[in-house]
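At the far end of the sequence shown sits residue 274, using the numbering used here, and the numbering has no gaps.
Built from N, CA and C at the ideal position, the CB exists for glycine as well.
What follows is one structure encoded as C-alpha cells, with my remarks underneath.
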Amino acid sequence: MTCLVAGEDLKAKDAKIARIKSQSLKDPQALNFDFESLDAIGLGPDTLKKSLITLPVVSAKRLVVVRNVHKLKSADAGVLMQFLRAPLDHVDVVLESSQTSFKGELKDLTALCETFVLGRPSQDNAFDMTRLMTAGRAKESLNMLNTFYTQGTHPLQIMPALLWYWGKEGRSLSQEKFERGLKALEEADLNIKRSRLNPEYAVEKLIVELMELLRSA
Numbered sequence: 058m059t060c061l062v063a064g065e066d067l068k069a070k071d072a073k074i075a076r077i078k079s080q081s082l083k084d085p086q087a088l089n090f091d092f093e094s095l096d097a098i099g100l101g102p103d104t105l106k107k108s109l110i111t112l113p114v115v116s117a118k119r120l121v122v123v124r125n126v127h128k129l130k131s132a133d134a135g136v137l138m139q140f141l142r143a144p145l146d147h148v149d150v151v152l153e154s155s156q157t158s159f160k161g162e163l164k165d166l167t168a169l170c171e172t173f174v175l176g177r178p179s180q181d182n183a184f185d186m187t188r189l190m191t192a193g194r195a196k197e198s199l200n201m202l203n204t205f206y207t208q209g210t211h212p213l214q215i216m217p218a219l220l221w222y223w224g225k226e227g228r229s230l231s232q233e234k235f236e237r238g239l240k241a242l243e244e245a246d247l248n249i250k251r252s253r254l255n256p257e258y259a260v261e262k263l264i265v266e267l268m269e270l271l272r273s274a
C-alpha cells in the first residue's frame with residue numbers, strides 16, 4: 058500500500074495517518090522495529106532509500122511515513138518515484154503534504170498512489186488547472202481535476218473556470234475553432250445537467266477537446 062494524505066487540514070491528516078498506523082502495526086513491538094517517520098525537510102542523504110529497502114522485524118510489513126513530501130530533494134524524489142513505479146512488498150508507505158498537485162520529479166505522484174485530500178482547495182485552484190492546460194500539460198491537468206473530485210468538488214463547479222479559459226485562450230484561434238470550443242463547452246454543460254454522461258467524465262472529455270483544439274492550431 059502506498060497512499061498520499063494531502064491538504065491543509067493538519068489535524069485531519071494526523072488522524073488519518075494514526076488510523077493507518079494502528080491498522081498496519083497491531084503488535085506494540087512493531088512500533089519500535091517496523092515503523093519509521095521521516096520529514097523531507099532536513100532529510101539526510103540516502104535516508105529514504107535505506108528506509109524503503111529495510112526489511113521488517115516483527116510485522117509482515119514495515120510502515121514508513123514521509124511528511125512534507127513536496128519538499129524532497131531531487132535525488133530523494135527520484136528514489137521515491139522509482140519505488141512508486143515498482144513498489145516493494147515488504148513496506149507500506151504513507152506520504153504527507155500540504156499540496157495536492159506536484160511538479161518536477163513528483164509531477165506523477167498522485168497518479169501512482171491512493172490519494173486522500175483533507176481540507177478544501179482555494180477557490181482559484183480550478184484556474185491553476187487552466188494554467189496547466191495552457192502549458193499543454195494534459196496529464197497533470199487531469200490529475201488535478203481528479204484531485205478536485207476527491208475533495209468533493211462537483212463537475213459544475215469546474216465549468217466557470219473552463220469557460221473563462223476558453224474565452225481567454227480560444228480567441229487566438231480561427232473563428233471556426235473558437236466556435237467548436239464553445240460548442241464543446243455547451244455540450245459538456247448539458248451532459249452534466251441532463252445526465253447524458255457521467256459528470257466527471259464529461260469534464261475530462263471537455264478538457265481534452267479544448268486542449269486538442271489549441272494544440273492543432
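Give the DSSP-derived three-state secondary structure of residue i in the structure shown.
{"i": "D84", "result": "coil"}
{"i": "E244", "result": "helix"}
{"i": "S94", "result": "strand"}
{"i": "S111", "result": "The identity of residue 111 in the sequence shown is Thr, whereas the question assumes Ser. DSSP places T111 in coil when its eight states are reduced to three."}
{"i": "E296", "result": "Because the chain here runs from 58 to 274, residue 296 falls outside it and cannot be looked at."}
{"i": "P178", "result": "With a pLDDT of only 47 at P178, under the threshold of 50, the placement of this residue in the model should not be trusted; the figure read from the coordinates follows. Three-state result, P178: coil."}
{"i": "F159", "result": "coil"}
{"i": "R237", "result": "helix"}
{"i": "L270", "result": "helix"}
{"i": "E171", "result": "strand"}
{"i": "L100", "result": "coil"}
{"i": "T59", "result": "strand"}
{"i": "L263", "result": "helix"}
{"i": "L67", "result": "helix"}
{"i": "T207", "result": "helix"}
{"i": "N255", "result": "coil"}
{"i": "S231", "result": "coil"}
Less than 9 Å separating the beta-carbons of residue i and residue j?
{"i": "S131", "j": "T204", "result": "no"}
{"i": "L95", "j": "V122", "result": "yes"}
{"i": "T59", "j": "P113", "result": "no"}
{"i": "L220", "j": "L199", "result": "no"}
Which residues in the same chain have their Cβ closer than 8 Å to the Cβ of residue i, if we skip the five residues on either side of it in sequence?
{"i": "M138", "result": "E162, L163, D165, L166 and L169"}
Excluding five sequence neighbours on each side, which residues of the same chain lie with their C-beta closer than 6 Å to the C-beta of residue i?
{"i": "M268", "result": "M190 and A195"}
{"i": "R119", "result": "D91, P113 and V148"}
Once you ignore the five residues that flank residue i on each side, which residues in its own chain have a CB closer than 7 Å to its CB?
{"i": "I356", "result": "Absent from the structure is residue 356, since the part of the chain shown begins at 58 and ends at 274."}
{"i": "G238", "result": "W223, G227, L267 and L270"}
{"i": "D84", "result": "V115 and S116"}
{"i": "P256", "result": "P212 and I249"}
{"i": "Q180", "result": "In this prediction, Q180 has a pLDDT of 46, which is less than 50 and means its spatial position is unreliable; what the coordinates show is noted afterwards. None."}
{"i": "Q86", "result": "V115"}
Give a yes or no on contact between the region 94 to 101 and the region 208 to 216, applying the rule of three or more CB pairs nearer than 8 Å. no
Please give the ranges of any alpha helix (DSSP H) in the region 115 to 164, keeping only runs that are unbroken, at least 4 residues long and fully inside the region. 131 to 142
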